[in-house]
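Taking it in order: structure first as structure tokens, then the write-up.
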Amino acid sequence: MEKVLTIAGSDSLAGGGIQADLKTFEELDVFGVSALTTIVSIATEKLLIHQVPPVVIEEQLDSIFNNIKIEYLKTGLIGDLATLKLVTKKLQQYPFMKVVLDPVMVFKEAQTDIKADYLTFFRKEFLPLAYVVTPNLAEAAQLSGMSSIKSRKDIQQSALKIQNLGCQNVVIKGGSRLAGDLAIDYAKLGTQEYWLESPKVIQQTIDGAGCTFSAAITAQLAKGDSLISAIRFAKKFVYLGIADGVAVNSRLGNIWQGAYRQRRLNDEN
59 MEKVLTIAGS DSLAGGGIQA DLKTFEELDV FGVSALTTIV SIATEKLLIH
109 QVPPVVIEEQ LDSIFNNIKI EYLKTGLIGD LATLKLVTKK LQQYPFMKVV
159 LDPVMVFKEA QTDIKADYLT FFRKEFLPLA YVVTPNLAEA AQLSGMSSIK
209 SRKDIQQSAL KIQNLGCQNV VIKGGSRLAG DLAIDYAKLG TQEYWLESPK
259 VIQQTIDGAG CTFSAAITAQ LAKGDSLISA IRFAKKFVYL GIADGVAVNS
309 RLGNIWQGAY RQRRLNDEN
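Every letter in the sequence shown is one number past the one before it in the working numbering, and letter 18, counting from 1, is 76.
Okay, here's the thing in structure tokens:
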């Protein structure tokens with residue numbers, strides 16, 4: 059069984075973060091290990107984010123890299139600049155690893171402020187380490203320096219700007235944010251481009267969709283899929299997870315990573 063790593067934060071409601079990543083890995087038959095960067099709690103209209111000390115993060119990464127050969131990993135919420143520099147330094151020591159980079163700069167539950175020095179270092183030093191980067195529309199605007207992304211043309215322009223920062227494979231998640239009845243994602247893989255479309259699922263069970271998407275790509279790559287095949291599968295996996303998601307309360311709901319397995323079992327029966 060392939061072993062894959064997630065470097066991300068903890069979500070107290072288990073919709074996203076480390077919890078979503080590990081559940082996705084298990085569902086897709088890879089063995090996940092993890093390094094925790096932050097502890098996130100969701101209060102009313104507010105995120106409470108506690109940073110894990112860099113020395114503790116480094117101990118986790120050393121434990122993993124000294125004991126397990128990791129060829130595929132994903133990153134999620136990093137947190138602060140000190141942690142970003144530490145993770146960057148560690149990954150630079152293992153250039154053979156394929157990194158699926160989920161920027162996690164903007165949360166659905168609330169806005170978060172990205173400091174200028176963090177964004178500058180992220181774009182210049184961290185992003186070029188990625189095999190593929192998977193921003194949502196708001197994150198793609200942050201990375202590309204665009205004020206907003208509202209159309210397919212904007213998406214294409216943003217992806218090209220991100221490629222110019224050093225990552226040649228870019229997947230921009232339009233999700234339900236663009237007008238129309240379709241959830242549109244865009245993959246710019248080198249010189250090739252792909253539009254991925256599915257009907258929108260209009261319901262609240264979307265927390266963890268981005269984390270699950272990047273985790274599913276990581277798992278499928280580790281199992282030998284091509285990048286575009288892994289992306290297409292991840293979109294289907296997330297679509298089913300939203301459609302069969304779990305309501306937390308009147309305003310929050312989580313994607314369910316078990317939906318793909320359950321649908322497959324139902325089809326077999």
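Backbone N, C-alpha and C define an ideal beta-carbon position, used for all residues, glycine too. All values derive from a computational prediction rather than experimental measurement.
Figure out for me which residue from the options has the closest Cα to the Cα of residue i.
i, options, result
"cysteine 269", "Val158, Glu117, Gln226", "Val158"
"leucine 106", "Ser70, Ser121, Ala78", "Ser70"
"threonine 146", "Cys225, Gln250, Pro186", "Pro186"
"phenylalanine 154", "Ala237, Lys127, Asn194, Tyr176", "Lys127"
"methionine 59", "Ala277, Ala188, Ser121", "Ala277"
"alanine 273", "Ala301, Gln250, Leu139, Tyr130", "Tyr130"
"glutamate 84", "Leu218, Ile207, Asn227, Leu63", "Leu63"
"lysine 104", "Leu310, Gln320, Asp325", "Leu310"
"proline 161", "Val190, Arg321, Asp283, Val306", "Val190"
"tyrosine 297", "Arg321, Met204, Ala280, Leu279", "Arg321"
"alanine 101", "Val306, Glu326, Gln221", "Val306"
"leucine 177", "Gly203, Thr133, Lys211, Tyr152", "Gly203"
Tell me, please, whether the CB atom of residue i is closer than 8 angstroms to any CB atom in chain B?
i, result
"proline 161", "Included in the structure is just one protein chain, with no chain B present."
So residue i and residue j are in contact, right, with Cβ under 8 angstroms, and what is the actual spacing, rounded?
i, j, result
"glutamine 200", "isoleucine 172", "6 angstroms"
"serine 92", "isoleucine 76", "5 angstroms"
"leucine 247", "leucine 285", "6 angstroms"
"glycine 137", "glycine 266", "With 8 angstroms as the limit, glycine 137 and glycine 266 do not qualify as a contact, their Cβ atoms being about 18 angstroms apart."
"serine 287", "lysine 258", "Incorrect: roughly 23 angstroms between the Cβ atoms, too far for contact."
"phenylalanine 271", "alanine 245", "Incorrect: roughly 12 angstroms between the Cβ atoms, too far for contact."
Mapping DSSP to helix, strand and coil, what is residue i?
i, result
"tyrosine 152", "coil"
"serine 287", "helix"
"leucine 310", "coil"
"lysine 293", "helix"
"glutamate 84", "helix"
"glutamate 60", "coil"
"glycine 268", "helix"
Inspect the beta-carbon positions of residue i and residue j and report whether they are closer than 8 angstroms.
i, j, result
"aspartate 243", "isoleucine 264", "no"
"glycine 67", "leucine 80", "no"
"aspartate 175", "leucine 139", "yes"
"leucine 11", "serine 256", "The shown model of the chain, from 59 to 327, leaves out residue 11, and the question about it has no answer."
"phenylalanine 180", "lysine 143", "no"
By the 10 Å Cβ neighbour count, where 16 or more other Cβ atoms means buried, how is residue i classified, buried or exposed?
i, result
"isoleucine 260", "exposed"
"glutamine 315", "buried"
"proline 193", "buried"
"asparagine 124", "exposed"
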